[in-house]
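Inspection log for the structure reproduced underneath, given as structure tokens.
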Amino acid sequence: MQLAILWQRLRELPGFVAGATAVVAVWLISMLGGLRALDHVYYDFIVGTMGEPSSARYEVLLVETRPGEAHDWPQLGERLFAAGARQLIFVSPLAEAELRGLAAWGDERVLVGRAPLESGDPPQLRAPEALPADLAERLKTALVALPLGEGGSQRGQFGDFRIGPRLLPGIEKAAAVAAGRAPVPPVFGINYHRGTSLPRIGADRLERELPVPELVQGRTVLVGHAAQPWLAHYDAPGMPRGKRLSQLEVHGLALDSLLQDKAVHDFGPIASALALILSGVALVVAFQPLRLFSAFWVSLALIAGSVPFAWLTMRLFDLWPPVLELSLMTALAFPLVYRAKSLAEDRRLRKLIGETSTKLQNRYLPPGFAETDEHWIYVTNLVDQILQSNRTIFLERVPDDHRVREIHALRCSIGDIDEMRRDYQRVPYTLAIEQRGVVEIDVGRRPYLKVQLGRERQFLAPLIFGGEVLGFWAFGLEEERIGDAAHFRAMVDNIAGQIGELLYQRQLWQARRASEGAAWRRYLNDDALALHRRLSQAIVALERRVSSFEHLFAGLSTAAIVFDLFGRVVLVNERMSRLLTDAGLAPYGMTAADLIATLSGQDAGRVRQTVQALLSASAPTVLPAQLPGDTPGHYILSLRSLEQDPESADDTTPFRSHGLLLELVDVTDIHRLYGVKTGLVSYLNHQLNNHLTAVLGATKLLEMNPAALSGMIPLIDAQCRKAATTVERVQDLLTHELQVDFGGSYPVDPREPAARAVDELRARAAERSIGFDVHVPTTPLLAYANPRELQATLATLLDFLLDDAVEGSRIGLNMTDRADHVEIVLTNSGFGLPQERLDASLAAAAPAGDDTFARLRRALQHIGHWGGQTQVSTALGEGFRIALVLRSFQ
170 MQLAILWQRL
180 RELPGFVAGA
190 TAVVAVWLIS
200 MLGGLRALDH
210 VYYDFIVGTM
220 GEPSSARYEV
230 LLVETRPGEA
240 HDWPQLGERL
250 FAAGARQLIF
260 VSPLAEAELR
270 GLAAWGDERV
280 LVGRAPLESG
290 DPPQLRAPEA
300 LPADLAERLK
310 TALVALPLGE
320 GGSQRGQFGD
330 FRIGPRLLPG
340 IEKAAAVAAG
350 RAPVPPVFGI
360 NYHRGTSLPR
370 IGADRLEREL
380 PVPELVQGRT
390 VLVGHAAQPW
400 LAHYDAPGMP
410 RGKRLSQLEV
420 HGLALDSLLQ
430 DKAVHDFGPI
440 ASALALILSG
450 VALVVAFQPL
460 RLFSAFWVSL
470 ALIAGSVPFA
480 WLTMRLFDLW
490 PPVLELSLMT
500 ALAFPLVYRA
510 KSLAEDRRLR
520 KLIGETSTKL
530 QNRYLPPGFA
540 ETDEHWIYVT
550 NLVDQILQSN
560 RTIFLERVPD
570 DHRVREIHAL
580 RCSIGDIDEM
590 RRDYQRVPYT
600 LAIEQRGVVE
610 IDVGRRPYLK
620 VQLGRERQFL
630 APLIFGGEVL
640 GFWAFGLEEE
650 RIGDAAHFRA
660 MVDNIAGQIG
670 ELLYQRQLWQ
680 ARRASEGAAW
690 RRYLNDDALA
700 LHRRLSQAIV
710 ALERRVSSFE
720 HLFAGLSTAA
730 IVFDLFGRVV
740 LVNERMSRLL
750 TDAGLAPYGM
760 TAADLIATLS
770 GQDAGRVRQT
780 VQALLSASAP
790 TVLPAQLPGD
800 TPGHYILSLR
810 SLEQDPESAD
820 DTTPFRSHGL
830 LLELVDVTDI
840 HRLYGVKTGL
850 VSYLNHQLNN
860 HLTAVLGATK
870 LLEMNPAALS
880 GMIPLIDAQC
890 RKAATTVERV
900 QDLLTHELQV
910 DFGGSYPVDP
920 REPAARAVDE
930 LRARAAERSI
940 GFDVHVPTTP
950 LLAYANPREL
960 QATLATLLDF
970 LLDDAVEGSR
980 IGLNMTDRAD
990 HVEIVLTNSG
1000 FGLPQERLDA
1010 SLAAAAPAGD
1020 DTFARLRRAL
1030 QHIGHWGGQT
1040 QVSTALGEGF
1050 RIALVLRSFQ
């Protein structure tokens, strides 16, 4: 009963069906192998972070031979068994003489591996060549083979290999069963994270001397070819780049995994499904009370937590959990659940709004200014967006009369009007009509609005069009908000004129509508013509709306391009066109798949899978992107399917989607923002380490000389105060978001921008055999500068020195961390100028010019804007010296 109630409540939760859909979708994708490649990458990453234990214990000893060598294996085997070996297993081919020697020896602890044959296209495994009958009866054999590694790495091994209708045991399974390690799973993962450095010894060494018992005792001896350049090599998860394993090592690690019961296992389909179901239910329940932003961070935390979770399960249990499936399910559950919650709320709101048709009409064809009965509210909103007034009152002319009446008031009431006659043929209305513009009311003599405390000034503007008085606009404004009086009056007159024209056009439309609405006109009018007119008006309105959206799309700051299903460009805005053109790409000559592959760097196969997922699941996808060439910046590529309107009956396309939207989002400033915060954290760590080191040194001195306590207390107190101050200042910067546009100066580490500025000019300097001598501190330091402009400013200064430098000389960059500032000195060996001429050139440089001295002047001004100081000195024949002093973050 309780379970039934619980089940019913779960089903009633918004997003339950969406969560279940996410669970099923992720499970099916996983079972169909859609996540296999990413899972392998994730697995390799986790194994690579685990490292090799320093005290790894192995139960396998490798005996390495060389191809073509022959050895007396019975004699060597006796030596190995005498030293305590448990088994002797051969994984490399043996000559017939060696096989006969082993058969004559007849030791039951010997296992000979036989490699299967391959034939057909594609290749199929066949049983090894049959041994002679006398050998087959006296030798124990097993199959030596490795499955084809997925993703370039040899992660697992088969217990049995299918040869035609038969299952033949592999060499590892046969050896493990002989050692009493049963049962052996059909497929198991090779354990690389517990060590890959198996003990080994050469066969030729065994012939020369007896084996060391400590090396052999209790181990299974695996005999095979040592690594040779012409032999097969295998990549393994977590292995350093350039290091590969031989076939003998792979078999040895696989056998060692079985012998130590440390083979890597995964959850399997059923356990994975249960894990997905439990996590899906937990997420649906957890997301219910959370707001969107909180749920987003919870989802990110869960996805990020999959890394330590996978690491722990592998380290503790040699178990590979479905972390990728769980992460994907979390990423899907978040938008799906909140979409379902939004839909549930939307359904409740739809009942309050009314019929869907009325809603759509109001949404896409809202009533115009002439049609609505709330036109004065529109006028009030228009004025309030432009003019920040204290009080606003609109008055309308009474038809066929010389009086006006109050219509609408903003931030006040109609009772605020102090003028009681409302006759626009009297002052102050006549003054406004005569001047055809706004007039200021003398508050001291005859105020129009009731006087309030403060420095409010009152104004009255006529609403006139075509010589006809339509109303008046009275408002009060604080004196400091007026600014330039002439500009203010011109702006108010312009607004009043436009409002007057709107009111006049509305009067004409209302009169025309009233005339058309007469009974005799309705009787004489052609209904078809009226319907045609209404349809034409709707089409014109929709075309105007579409045109405005196209202009809006073209002017978006985010680069965007729309492709149809045939790969043709439908729309591309100016930002995207400019970026692609600067990168040497022709958008109209590329399909959507070509552009995605070029920007994301993925191969054609992966891009096709992404496009298939977009068209089938319609789920937005985000990929890291980079423009071709040396184009700077950091971007992400957002891919979205443009779905058809499900209510559209005239669409002849059989697909749900009618195109793809690609958005290239510039995240350079965000990347730079996080770089600034990373520098702050690095600086904090360095400073805290210095302060704590000083405190620890003082405590050690106290241990040796307690009498020095009175002298040490001020030192310890000073260091603690410095540490607290540093933490407080850094914490203040970290907890208050920096502006993404970096309009001011912030504490940044100038070392990396300086290095990038030098790298930017190295190629051009190398053409003239000019080098750079860069000396920067090795410890973190912070100086106040603009993170966006610092590198470009240093590059400009270095470029100035490069233009002046003598061929074959060197340009110096010396950075020094002083007590309260950071000093950067740039020098060169060049032609130089007289100091007076340099000062005159800088003073005469145009602020917006593009010549050498104009760029130098702007770069120096940037330093000054950041609170720094500059000094440029030169002499004829000695080059230039540019000294920059930036405020230090101490």
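Residues in the sequence shown are numbered consecutively from 170, following my numbering.
Ideal Cβ placement from N, Cα and C applies to all residues, glycine included.
Please state if the CB of Glu992 and the CB of Ala1052 are separated by a distance shorter than 8 Å. By 1-based counting over the sequence shown, the position of residue 1052 is 883. By 1-based counting over the sequence shown, the position of residue 992 is 823. Result yes, Cβ atoms of Ala1052 and Glu992 sit closer than 8 Å.
Using a Cβ-Cβ cutoff of less than 7 Å, which residues in the same chain neighbour Arg307 once the five nearest sequence positions on both sides are dropped? Here residue 307 refers to the residue found at position 138 of the sequence shown. Answer for Arg307: Ala272 and Gly275, listed in chain order.
Which stretch, first to last residue, makes up the alpha helix (DSSP H) that contains Gln429? For this step, residue 429 is matched to residue 260 along the sequence shown. No alpha helix (DSSP H) holds Gln429; DSSP gives it neither H nor E.
Would you kindly work out how many angstroms separate the C-alpha atoms of Asn360 and Leu317, rounded to a whole number? As a position in the sequence shown, residue 360 is number 191, starting the count at 1. As a position in the sequence shown, residue 317 is number 148, starting the count at 1. So the alpha carbons of these two residues sit roughly 17 Å apart.
Give me, in chain order, the residues of the same chain whose beta-carbon lies closer than 6 Å to that of Leu725; leave out the 5 immediate sequence neighbours on both sides. Numbered from 1 along the sequence shown, position 556 holds the residue referred to as residue 725. So the list reads Asn742, once near-sequence residues are dropped.
Give the DSSP-derived three-state secondary structure of Tyr361 in the structure shown. What you label residue 361 is simply residue 192 of the sequence shown in a count that begins at 1. The answer is coil: DSSP assigns Tyr361 none of H, G, I, E or B.
To which residues of the same chain is Leu792 closer than 6 Å at the C-beta, ignoring the five residues directly before and after it? Counting from one through the sequence shown, the residue named residue 792 turns up at place 623. Closer than 6 Å at Cβ, skipping near neighbours: Ser769 and Leu806.
What is the C-beta distance between Leu632 and Ile668, in whole angstroms, given that I count them as a contact (C-beta under 8 Å)? Position 463 of the sequence shown, counted from the first residue, corresponds to residue 632. Position 499 of the sequence shown, counted from the first residue, corresponds to residue 668. Leu632 to Ile668, Cβ: 5 Å. Contact.
Please classify Trp489 as buried or exposed, where buried requires at least 16 neighbouring CB atoms within 10 angstroms. Residue numbering aside, residue 489 sits at position 320 when the sequence shown is read from its first letter. Sixteen is the threshold: when 16 or more other Cβ atoms of the shown chains lie within 10 Å of the Cβ of Trp489, as they do, the residue is buried.
Every unbroken beta strand (DSSP E) inside the stretch 958-1039 [3 residues or more]: 979-986 and 990-996
Reducing DSSP to helix, strand and coil, say where Arg255 ends up. In the sequence shown, the residue the question calls residue 255 occupies position 86. Here Arg255 sits in coil by DSSP.
Are there three or more Cβ pairs, one per stretch, closer than 8 Å when the stretch 649-663 is compared with the stretch 569-588? no
Enumerate in chain order the residues of its own chain whose CB-to-CB distance from Gly940 is below 6 Å, with the five nearest sequence positions on each side excluded. For the purposes of this step, residue 940 is identified with residue 771 of the sequence shown, where counting begins at 1. Closer than 6 Å at Cβ, skipping near neighbours: Arg979.
Thinking C-beta only, is Pro797 closer than 8 Å to Gly736? In the sequence shown, counting from the first residue as 1, residue 736 sits at position 567. In the sequence shown, counting from the first residue as 1, residue 797 sits at position 628. No; because the gap between Cβ atoms is not below 8 Å, this pair is not in contact.
So, for Leu493: in the same chain, excluding its five sequence neighbours on each side, which residues have a beta-carbon less than 7 Å away from its beta-carbon? Counted from its first residue, the sequence shown places residue 493 at position 324. For Leu493, where only same-chain residues beyond five positions count, the Cβ hits under 7 Å are Leu204, Leu207, Asp208 and Tyr211.
Kindly indicate which residue of Lys342, Gly328, Ala405 and Val279 has the alpha-carbon position closest to the one of Ile215. The sequence position of residue 215 within the sequence shown is 46, counting from 1. With distances taken between Cα atoms, Ile215 lies closest to Ala405.
Using the three-state DSSP reduction, which class does Gln326 fall into: helix, strand or coil? As a working mapping, residue 326 is identified with position 157 in the sequence shown. Of the three classes helix, strand and coil, the one that applies to Gln326 here is strand, per DSSP.
Hey, could you find the ends of the beta strand (DSSP E) Arg335 is sitting in? Counted from its first residue, the sequence shown places residue 335 at position 166. Element bounds for Arg335: Arg335 to Pro338.
Shorter than 7 Å, the distance from the beta carbon of Ile370 to the closest heavy atom of the ligand SAH, or not? Of ligands this structure carries none, so the ligand SAH is not represented either.
Taking C-beta to C-beta, are Arg304 and Arg269 nearer than 8 Å? In the sequence shown, counting from the first residue as 1, residue 304 sits at position 135. In the sequence shown, counting from the first residue as 1, residue 269 sits at position 100. As written in the sequence, residue 304 is Leu, which differs from the Arg given in the question. Yes, these two residues count as a Cβ contact at 8 Å.
Label Glu341 either buried or exposed according to how many other C-beta atoms from any shown protein chain fall within 10 Å of its C-beta, with 16 as the threshold for buried. Position 172 of the sequence shown holds residue 341. Buried is the call here.
Gln557 versus Leu646, Leu471 and Phe641, residue with shortest Cα-Cα distance: On the sequence shown, residue 557 is found 388 positions in, with the first residue counted as 1. Looking at Leu646, Leu471 and Phe641, the one whose alpha-carbon comes closest to that of Gln557 is Leu646.
From Asn858 to Asp733, what does the alpha carbon distance come to, in whole angstroms? Working through the sequence shown from its first residue, we reach residue 858 at position 689. Working through the sequence shown from its first residue, we reach residue 733 at position 564. The alpha-carbon separation between Asn858 and Asp733 amounts to approximately 58 Å.
Whether Val573 touches Leu564 by CB criterion (8 Å): By one-based count along the sequence shown, residue 573 stands at place 404. By one-based count along the sequence shown, residue 564 stands at place 395. Remark: C-beta atoms of Val573 and Leu564 approach each other more closely than 8 Å.
Taking the alpha helix (DSSP H) that Leu930 belongs to, which residues open and close that run? By 1-based counting over the sequence shown, the position of residue 930 is 761. Counting along the chain, the alpha helix (DSSP H) containing Leu930 begins and ends at Arg920 to Ala935.
Hey, Phe555 and Ile664 are a contact pair by Cβ (cut 8 Å); roughly how many whole angstroms apart? Position 386 of the sequence shown, counted from the first residue, corresponds to residue 555. Position 495 of the sequence shown, counted from the first residue, corresponds to residue 664. Before going further, note that residue 555 is Ile rather than Phe in the sequence given. Sure, about 6 Å apart at Cβ, within 8 Å.
Mark Leu461 as exposed unless 16 or more other C-beta atoms lie within 10 angstroms of its C-beta, in which case mark it buried. Along the sequence shown, one-based indexing puts residue 461 at 292. Residue environment for Leu461: exposed (fewer than 16 other C-beta atoms within 10 angstroms of its C-beta).
Would you identify the three-state DSSP class for Pro631, choosing helix, strand or coil? Here residue 631 refers to the residue found at position 462 of the sequence shown. Correct three-state label for Pro631: strand.
Between Ala299 and Gln386, what straight-line distance do the alpha-carbon atoms span, to the nearest angstrom? The count along the sequence shown starts at 1 and reaches residue 299 at position 130. The count along the sequence shown starts at 1 and reaches residue 386 at position 217. CA-to-CA, the gap between Ala299 and Gln386 works out to about 34 Å.
Does the Cβ of Asn955 have 16 or more other Cβ atoms within 10 Å, making it buried, or fewer, making it exposed? On the sequence shown, residue 955 is found 786 positions in, with the first residue counted as 1. Buried, since its Cβ has 16 or more Cβ neighbours within 10 Å.
Quick check on this structure: which residue in Gly246, Ala266 and Ala264 has the alpha carbon closest to the alpha carbon of Leu257? Working through the sequence shown from its first residue, we reach residue 257 at position 88. Ranking the options by Cα distance to Leu257, first place goes to Gly246.
May I ask you to report which of helix, strand or coil DSSP gives Ala863? Here residue 863 is taken as the residue at index 694 of the sequence shown, counted from 1. Three-state result, Ala863: helix.
On the CB-based measure, 16 or more other CB atoms within 10 Å of its CB, does Pro597 come out buried or exposed? In the sequence shown, residue 597 corresponds to position 428, counting from 1. Pro597 is buried by the Cβ-count criterion.
Please tell me whether Leu1045 and Gly1001 are closer than 8 Å, where the distance is taken between their beta carbons. Start at 1 with the first residue of the sequence shown, and residue 1045 comes out as number 876. Start at 1 with the first residue of the sequence shown, and residue 1001 comes out as number 832. Yes, the Cβ-Cβ distance between Leu1045 and Gly1001 is below 8 Å.
Cβ shell of Leu501 (< 6 Å), same chain only, five flanking positions each side left out: If you number the sequence shown from 1, residue 501 lands on position 332. Here the set comprises Ala191.
Starting from the C-beta of Ser114, find all residues in its chain whose C-beta is less than 6 Å away, skip the five residues before and the five after it, and write them out in chain order. In this structure the chain extends from 170 to 1059, so residue 114 is not present and cannot be described.
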